[in-house]
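K.L.:
Following this message is one structure expressed as structure tokens.
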Amino acid sequence: MTTGTSRRTVLATGVTGAAALFTGCGGGGDGADGTSASEGTRGAGEALAATADIPVGGGRIFKDRKVVVTQPQEGEFKAFSAVCTHRACLVSTVADGTINCPCHGSRFSITDGAVEHGPAQVPLPAEQITISGNSIQLG
Ligand code: FES
1 MTTGTSRRTV LATGVTGAAA LFTGCGGGGD GADGTSASEG TRGAGEALAA TADIPVGGGR
61 IFKDRKVVVT QPQEGEFKAF SAVCTHRACL VSTVADGTIN CPCHGSRFSI TDGAVEHGPA
121 QVPLPAEQIT ISGNSIQLG
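Reminder that position 34 of the sequence shown reads as 34 in full-length UniProt numbering, one-by-one numbering, no gaps.
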């Protein structure tokens, strides 16, 4: 019983630590602009693109919104922060199943944002999108 409680405590701490680390990386290089924008000024429900604009097996980067939208399989859309988790450069291309950072060569999966190639060690955070008909909206 005591062991179970200790273990749960450790696990909870681990999750909190990971969340803190994740948050720190996501907003770190971007400062007030990136972190607060995703929660505040970036309008929910704002049209971002048409579904036809996103290539199947690829994606498109919206630099002004700091978002990359991908379509790993036909009809399946994902969105991630376009700010590299390594040193906060904006990713620049989507090719061969990865979202690519020009600064130091990190590559992230178009499916889940996972690191496919370092030096980044933290996945690109997911962004919320909504598909309405053939329109993709942030939020
Ligand atoms: S900032 Fe993207 S790889 Fe270093």
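Note that the Cβ used here is the ideal one computed from N, Cα and C, for glycine as well. Being a predicted model, the structure only gives us computed values, none of them experimental.
DSSP on residue 79, reduced to helix/strand/coil?
P.N.:
Taking the first residue of the sequence shown as 1, we reach residue 79 at position 79. Here residue 79 sits in strand by DSSP.
K.L.:
How would you label residue 99, buried or exposed, when you count the other beta carbons within 10 angstroms and need 16 or more for buried?
P.N.:
Residue 99 sits at position 99 when you count from the first residue of the sequence shown. With 16 or more other Cβ atoms within 10 Å, it is buried.
K.L.:
Using CA atoms only, rank isn't needed, just tell me which of 69, 65, 117, 110 is closest to residue 52.
P.N.:
Counting from 1 along the sequence shown, the entry for residue 52 is found at position 52. Cα-wise, what sits closest to residue 52 is 69.
K.L.:
From residue 86 to residue 66, what distance separates their C-alpha atoms?
P.N.:
Here residue 86 refers to the residue found at position 86 when the sequence shown is read from its first residue. Here residue 66 refers to the residue found at position 66 when the sequence shown is read from its first residue. Roughly 15 Å separates the two Cα atoms.
K.L.:
With DSSP run on the structure shown, which of helix, strand or coil describes residue 130?
P.N.:
Taking the first residue of the sequence shown as position 1, residue 130 is located at position 130. DSSP places residue 130 in strand when its eight states are reduced to three.
K.L.:
Check this for me: beta carbons of residue 79 and residue 129, under 7 Å apart or not?
P.N.:
Taking the sequence shown and counting its residues from 1, the one referred to as residue 79 is at position 79. Taking the sequence shown and counting its residues from 1, the one referred to as residue 129 is at position 129. Cβ atoms of residue 79 and residue 129: closer than 7 Å.
K.L.:
Could you give the residue range of the beta strand (DSSP E) that holds residue 91?
P.N.:
On the sequence shown, position 91 is the one that residue 91 refers to. Looking at the DSSP string, residue 91 is not in any beta strand (DSSP E), and its letter there is neither H nor E.
K.L.:
What number of angstroms, rounded off, separates the C-alpha of residue 133 from the C-alpha of residue 76?
P.N.:
Translated into the one-based positions of the sequence shown, residue 133 becomes position 133. Translated into the one-based positions of the sequence shown, residue 76 becomes position 76. Using only the alpha carbons, I get a separation of about 13 Å.
K.L.:
Quick one: residues in its chain with C-beta nearer than 8 Å to the C-beta of residue 119, no 5 flanking neighbours on either side, listed in chain order?
P.N.:
Taking the first residue of the sequence shown as position 1, residue 119 is located at position 119. Answer for residue 119: 86, 104, 105, 106, listed in chain order.
K.L.:
For residue 54 and residue 113, I'd like the C-alpha separation in whole angstroms.
P.N.:
In the sequence shown, the residue the question calls residue 54 occupies position 54. In the sequence shown, the residue the question calls residue 113 occupies position 113. Those two C-alpha atoms are separated by around 16 Å.
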